[in-house]
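Inspection log for the structure reproduced underneath, given as structure tokens.
There are 2 protein chains.
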Amino acid sequence: MDRELLKGSTPLLLLSLLCEGPMYGYQIIETVRHRTGGTYTLKEGALYPALHKLEATEFISSYWETQDNGRERRYYAIQPAGLAFLSAKKKEWNQFVDMVQAFVGPKA
Amino acid sequence: MDRELLKGSTPLLLLSLLCEGPMYGYQIIETVRHRTGGTYTLKEGALYPALHKLEATEFISSYWETQDNGRERRYYAIQPAGLAFLSAKKKEWNQFVDMVQAFVGPKA
DNA sequence: TGACGGCCATCGCTTTGCGAGGCACATTGG
DNA sequence: CCAATGTGCCTCGCAAAGCGATGGCCGTCA
Numbered sequence: 411m412d413r414e415l416l417k418g419s420t421p422l423l424l425l426s427l428l429c430e431g432p433m434y435g436y437q438i439i440e441t442v443r444h445r446t447g448g449t450y451t452l453k454e455g456a457l458y459p460a461l462h463k464l465e466a467t468e469f470i471s472s473y474w475e476t477q478d479n480g481r482e483r484r485y486y487a488i489q490p491a492g493l494a495f496l497s498a499k500k501k502e503w504n505q506f507v508d509m510v511q512a513f514v515g516p517k518a
Numbered sequence: 411m412d413r414e415l416l417k418g419s420t421p422l423l424l425l426s427l428l429c430e431g432p433m434y435g436y437q438i439i440e441t442v443r444h445r446t447g448g449t450y451t452l453k454e455g456a457l458y459p460a461l462h463k464l465e466a467t468e469f470i471s472s473y474w475e476t477q478d479n480g481r482e483r484r485y486y487a488i489q490p491a492g493l494a495f496l497s498a499k500k501k502e503w504n505q506f507v508d509m510v511q512a513f514v515g516p517k518a
């Protein structure tokens, strides 16, 4: 998958995923990897900065949770502002896809 | 339109457009602007570098043509290698869209 | 003659993904 | 018992690409 295409779609992906419930970083990576059948592996160097940025803008929030074995995990949960932002982003995404489709021609 | 989403889609757009016949820079910008109803205005700072890069890799070629009024225009035309590349890019594009769609949910 | 528009192009900035690296700890198997 | 692997967090420097600004050239038309 061309890395350049991915640019800008990461927040969309993350917010969409977090709509299904809180998740922690490693889990997000694995989930994406499995759901795409390995086609797309979200990289840590892309994930964590994106997550932190979404948190800084209060679109998501985070909290640490201790597992049974004593180790900690950082969960991220979507916030109301994030839901609103996601809705706007989705609209933008659809516009974008339609636009490109108009030039490239439909699915072919 | 979020600039980040556009990344990586520019070559796809350009090659698709040039499939319809040779065009010159300014014409490309105007064509995109009109066809999208003004939603998307391809910027010069994005177009020309992209065009030159496509030419450097021999996916397109260029030639100068003199207009009736004596002024010159630089036309770009797609090359065989460009057609092949376009075909691959299209496939990648569709994969990408399907992937994101799978997380975001269909058009809704 | 001066403003506007067609037409080419470049430069520095920003953003974002990536690869690599680093740290910490639990589990498992030889 | 110790090494390898897996879980889990993170940051840093790099490269790529779009953007805004800028600049230059030359027709046309008021």
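Read top to bottom, the protein sequences are chains A and B. If you read the first sequence in this note's numbering, its first letter stands for residue 411, the second for the next number, and so on. If you read the second sequence in this note's numbering, its first letter stands for residue 411, the second for the next number, and so on. Each residue gets a CB set at the ideal place from its N, CA and C atoms; glycine is no exception. These numbers were taken from a predicted model, which means no experiment stands behind them.
* Going straight from the alpha carbon of Gly-480 of chain A to that of Tyr-450 of chain A, what length do you get? -> 31 Å
* **Residues near Trp-503 of chain B in its chain [Cβ-Cβ closer than 7 Å; skip 5 each side]** => Leu-422
* Asked: Relative to chain B, which residues along the region 418-443 of chain A have a C-beta separation below 7 Å, given in chain order?
  -> Gly-418, Ser-419, Leu-422, Leu-423, Ser-426 and Leu-427
* Does the beta carbon of Tyr-450 of chain B sit closer than 8 Å to a beta carbon anywhere in chain A? -> yes
* Between which two residues does the beta strand (DSSP E) containing Thr-420 of chain A stretch? -> Run containing Thr-420 of chain A: none in the beta strand (DSSP E); it sits in the alpha helix (DSSP H), 420-428.
* Ends of the beta strand (DSSP E) at Arg-443 of chain A? -> No beta strand (DSSP E) holds Arg-443 of chain A; the alpha helix (DSSP H) holding it covers 435-445.
* Asked: To which residues does DSSP link Tyr-485 of chain A through a beta bridge?
  -> A:Tyr-434 and A:Tyr-473
* Using a Cβ-Cβ cut-off of 8 Å, state whether Ala-512 of chain B counts as contacting chain A. => yes
* Asked: Can you tell me the Cα-Cα spacing of Glu-468 of chain B and Gly-418 of chain B, whole angstroms?
  -> 18 Å
* Asked: At a Cβ threshold of 8 Å, is Leu-464 of chain B touching chain A?
  -> no
* Asked: Where Glu-454 of chain B and Ile-439 of chain B are concerned, what is the direct C-alpha to C-alpha distance, given to the nearest angstrom?
  -> 8 Å
* Cβ of Asn-479 of chain B within 8 Å of any chain A Cβ -> no
* Asked: Name the chain B residues whose beta carbon is nearer than 9 Å to that of Thr-467 of chain A?
  -> Within 9 Å Cβ-Cβ: nothing; Thr-467 of chain A doesn't reach chain B, min ~15 Å.
* **Which listed residue (A:Gly-515, A:Glu-430, A:Ala-487 and A:Leu-427) has its alpha carbon closest to that of Tyr-473 of chain A** => A:Ala-487
* Asked: With contact counted as at least three CB pairs below 8 Å, one residue from each stretch, are the region 507-518 of chain B and the region 430-447 of chain A in contact?
  -> yes
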